[in-house]
Amino acid sequence: MRRFERKQNVFTNKDALGESYKPERIEERDDEISEYMDALQPVVDGWEPNNVFLYGNTGVGKTAVTEFLLEMLLEDVSQYDDVDLSVISINCKTLNSSYQVAVELVNELRPPGAEISSTGYPQQTVFKKLFQELDDVGGTVLIVLDEVDSIGDRDELLYELPRARSNGKLEDAKVGLIGISNDFKFHDQLDPRVQDTLCERELHFPPYQAPELQNILESRAEVAIAEDACEEGVLNLCAALAARDSGSARQALDLLRLAGEHAENKDDERITLDHVDIARQKLEQERVVEGMRELTENGHFALLAVVSKAAHDETPCRMRDLYQEYLRLCNSAGIDPLAQRSVHNHLSDLRMLGILSAEENRTGSRGNYYSYALDVPFASAMEALSDVLSLDSVLDEIRKTATQAEAA
1 MRRFERKQNV FTNKDALGES YKPERIEERD DEISEYMDAL QPVVDGWEPN
51 NVFLYGNTGV GKTAVTEFLL EMLLEDVSQY DDVDLSVISI NCKTLNSSYQ
101 VAVELVNELR PPGAEISSTG YPQQTVFKKL FQELDDVGGT VLIVLDEVDS
151 IGDRDELLYE LPRARSNGKL EDAKVGLIGI SNDFKFHDQL DPRVQDTLCE
201 RELHFPPYQA PELQNILESR AEVAIAEDAC EEGVLNLCAA LAARDSGSAR
251 QALDLLRLAG EHAENKDDER ITLDHVDIAR QKLEQERVVE GMRELTENGH
301 FALLAVVSKA AHDETPCRMR DLYQEYLRLC NSAGIDPLAQ RSVHNHLSDL
351 RMLGILSAEE NRTGSRGNYY SYALDVPFAS AMEALSDVLS LDSVLDEIRK
401 TATQAEAA
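Residue numbers (full-length UniProt numbering): 1 to 408.
In structure tokens, the structure reads:
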């Protein structure tokens, strides 16, 4: 049995490719940073802060830019005696209501041991406790709600907080909300009263293009990768793959990190294009597996219907045909099927997770419809489904069909 030993033939600082790494400068987001700073300017001037909401896909710099600018803002306002700024940040991923978010904020503001329970209080009581804690802090308070769309339509807090000072519920605190969302439709889904109350500044972070991702990778690689430990074309390939897929800097950095790890595990001196290809396959598989964890059984069967159509080389496939395939699969497995609308919602979730792609088809006066296809390799989807579905005969049939289609 081998023993643990340190490996440093490829990396000099692998942490520089990790999500927690904070670079000295944010690359390729100058326009967004300038617009963001304009939105935060009232804080420096001593006025009530704007509410700012950031929209963009995962990995396009929303959270990184927010952390970078707020750290700079805290440092810069310290020179002004009449500005007392506090920043509270929480991630709403596991908080699906205004009540849960308010409880989390109260407990974030209270000292250890003085937290309140996550259940048992009327919502307005929790809001009252939150207002009291904010007034105790006083000054300007910026509340950052990352993945704010997780609260769904239970958005009362987004109505109450911006109005709290004018309604006399806050006296000493001036509160501004910073919402970060991957869901571009989140604002439209809010209660109209919430939309009117927020009066937020919206900032949109577009996906990175390949040259932008290459610049980001080059700046990180200078810190993370040993000299001459990267074959020519590796950074370009990582950038191109990520740009073609999602435009995510996180994906590009993960590709480079995983490629480097594979090189080190093989005791290779350099990261090669082959290492990047292996890393790509691993990331695609992880994405599907992670997405599967968020699906119900019927969500698995909705994906299975698309996979089945892909095996017959019949994708992109429109909803009505996918639904018939879904019904056939549910019947063969003895599963109670959902209505077509519910299956459509599952397909939309799979699209949001990056497992499916959707192509909009325009039919003139008859309206539009979407056609769905896999956005991950067929083999990755099959392997993930094999892990969660006990349907060997069905999966074997799909594999056989796919093999025959390839041969033809």
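Yeah, the Cβ is synthetic: ideal placement off N, Cα and C, and Gly gets one too. Quick caveat: nothing in here was measured; it's all calculated off a predicted structure.
Neighbour flag for Gln404 against chain B, beta carbons, 8 Å: No chain B appears in the structure shown, which is made up of a single protein chain.
Unbroken alpha helix (DSSP H) run spanning Asp45, endpoints: Counting from 1 along the sequence shown, the entry for residue 45 is found at position 45. That run of the alpha helix (DSSP H) goes 30-45.
Given 8 Å, three or more beta-carbon pairs between the stretch 97-114 and the stretch 138-152: yes
C-beta contact flag for Leu95 and Ile151 at 8 Å: Stepping through the sequence shown from its first residue, residue 95 is reached at position 95. Stepping through the sequence shown from its first residue, residue 151 is reached at position 151. Result yes, Cβ atoms of Leu95 and Ile151 sit closer than 8 Å.
Cβ contact check for the stretch 344-356 and the stretch 372-389: 3 or more pairs under 8 Å: yes
Span of the beta strand (DSSP E) around Thr140: Locating residue 140 in the sequence shown gives position 140, where the first residue counts as 1. First-last of the beta strand (DSSP E) with Thr140: 139-146.
Selected residue, minimal CA-CA separation from Pro207, among His346, Ser246, Pro162, Asp82: The residue you call residue 207 lines up with position 207 of the sequence shown. Minimum Cα distance to Pro207 is reached at Ser246.
His204 - partner residues in DSSP beta bridges: Within the sequence shown, numbered from 1, the residue matching residue 204 stands at position 204. Bridge partners of His204: Tyr55.
Contact belief for Lys174 with Glu48 at Cβ below 8 Å, rounded distance in angstroms: As a first step, residue 174 is located in the sequence shown; it is residue number 174 there, counting from the start. As a first step, residue 48 is located in the sequence shown; it is residue number 48 there, counting from the start. Sure, about 5 Å apart at Cβ, within 8 Å.
4-residue-minimum alpha helix (DSSP H) runs that sit fully inside the UniProt domain "AAA+ ATPase" (48-204), ordered along the chain: 62-77, 98-109, 123-137, 156-163, 186-189, 192-198
Span of the beta strand (DSSP E) around Ala373: In the sequence shown, residue 373 corresponds to position 373, counting from 1. Note, Ala373: beta strand (DSSP E), 368-374.
Identity of the residues DSSP links to Ala224 by a beta bridge: Sequence index remark: in the sequence shown, residue 224 carries index 224 (1-based). Per DSSP, none; premise fails for Ala224.
Ile271 - DSSP class collapsed to helix/strand/coil: The residue labelled residue 271 in the question sits at position 271 within the sequence shown. Three-state result, Ile271: strand.
Supposed close pair Leu385, Val276 - CB separation, criterion 8 Å: For this step, residue 385 is matched to residue 385 along the sequence shown. For this step, residue 276 is matched to residue 276 along the sequence shown. With a Cβ gap of about 26 Å, Leu385 and Val276 do not count as contacting.
Contact set for Arg250: own chain, Cβ-Cβ below 6 Å, skip 5 residues either direction: Start at 1 with the first residue of the sequence shown, and residue 250 comes out as number 250. So the qualifying residues of the chain are Gly59.
Environment of Thr140 [buried if 16+ CB atoms lie within 10 Å]: In the sequence shown, the residue the question calls residue 140 occupies position 140. Thr140 is buried by the Cβ-count criterion.
Bridge partner(s) assigned by DSSP for Ala358: Your numbering for residue 358 matches position 358 in the sequence shown. Answer is Tyr372.
For Ala210 and Met382, the rounded distance between their alpha carbons: Numbered from 1 along the sequence shown, position 382 holds the residue referred to as residue 382. Numbered from 1 along the sequence shown, position 210 holds the residue referred to as residue 210. Going by the C-alpha atoms only, they are around 29 Å apart.
Three-way DSSP call (helix, strand, coil) for Arg244 in this model: Numbered from its first residue, the sequence shown carries residue 244 at position 244. Looking at Arg244 - three-state DSSP - the assignment turns out to be helix.
Alpha carbon of Ile278 to alpha carbon of Glu286, nearest angstrom: Residue mapping note: residue 278 aligns to position 278 of the sequence shown, counting from 1. Residue mapping note: residue 286 aligns to position 286 of the sequence shown, counting from 1. Each residue's Cα considered, the two are about 12 Å apart.
Those residues which DSSP pairs with Cys330 across a bridge: Counting from one through the sequence shown, the residue named residue 330 turns up at place 330. Answer is none; Cys330 lacks a bridge partner.
8 Å contact criterion, which Ala333 and Leu391 should meet: CB distance rounded: Within the sequence shown, the letter at position 333 stands for residue 333. Within the sequence shown, the letter at position 391 stands for residue 391. Sure, about 6 Å apart at Cβ, within 8 Å.
Segment contact, 8 Å Cβ cut-off, at least three pairs: the stretch 261-274 with the stretch 58-78: no
Sequence-distant residues of the same chain with beta carbon closer than 8 Å to Asp349, five excluded per side: The residue given as residue 349 occupies position 349 in the sequence shown. Hits under 8 Å: Glu294, Leu295, Gly299.
Cβ neighbours of Leu273 in the same chain (closer than 8 Å, five flanking residues each side left out): Along the sequence shown, one-based indexing puts residue 273 at 273. Cβ neighbours of Leu273 beyond the five flanking positions: Glu231, Gly233, Val234, Leu237.
Host alpha helix (DSSP H) of Met382 (start-end): For the purposes of this step, residue 382 is identified with residue 382 of the sequence shown, where counting begins at 1. 378-388 is the span of the alpha helix (DSSP H), which, as asked, contains Met382.
DSSP beta-bridge partners of Arg318: Looking up residue 318 in the sequence shown gives position 318. Looking at the DSSP assignment, Arg318 forms a beta bridge with Ser371.
Among Phe4, Lys14, Glu5, Arg3, the one whose alpha carbon lies nearest that of Gly260: Walking along the sequence shown from the start, residue 260 turns up at place 260. With distances taken between Cα atoms, Gly260 lies closest to Lys14.
Simplified DSSP assignment, three categories, for Phe11: The residue given as residue 11 occupies position 11 in the sequence shown. The answer is strand: DSSP assigns Phe11 an E or B state.
When Glu133, Met319, Gly18, Ser181 are compared against Ser86, the one with the closest alpha-carbon: As a first step, residue 86 must be located in the sequence shown, where it is residue number 86. When each option's Cα is compared against that of Ser86, the closest is Glu133.
Cβ contact (3+ pairs, closer than 8 Å) linking the stretch 182-190 and the stretch 121-138: no
Neighbourhood of Asp84 by C-beta distance below 8 Å, restricted to the same chain and skipping five residues each side: Residue numbering aside, residue 84 sits at position 84 when the sequence shown is read from its first letter. Result list for Asp84: Gly138, Gly139, Thr140, in chain order.
Expected contact under 8 Å - CB spacing of Phe301 and Tyr55 to nearest Å: Mapped onto the sequence shown, residue 301 falls at position 301. Mapped onto the sequence shown, residue 55 falls at position 55. So it is not a contact: roughly 31 Å between Cβ atoms.
Rounded Cβ spacing between Asn57 and Ser248 (contact assumed at less than 8 Å): The residue labelled residue 57 in the question sits at position 57 within the sequence shown. The residue labelled residue 248 in the question sits at position 248 within the sequence shown. Yes, they are in contact, since the Cβ atoms of Asn57 and Ser248 sit about 7 Å apart, within 8 Å.
Buried/exposed call for Lys400, threshold 16 Cβ in 10 Å: As a position in the sequence shown, residue 400 is number 400, starting the count at 1. Result: exposed.
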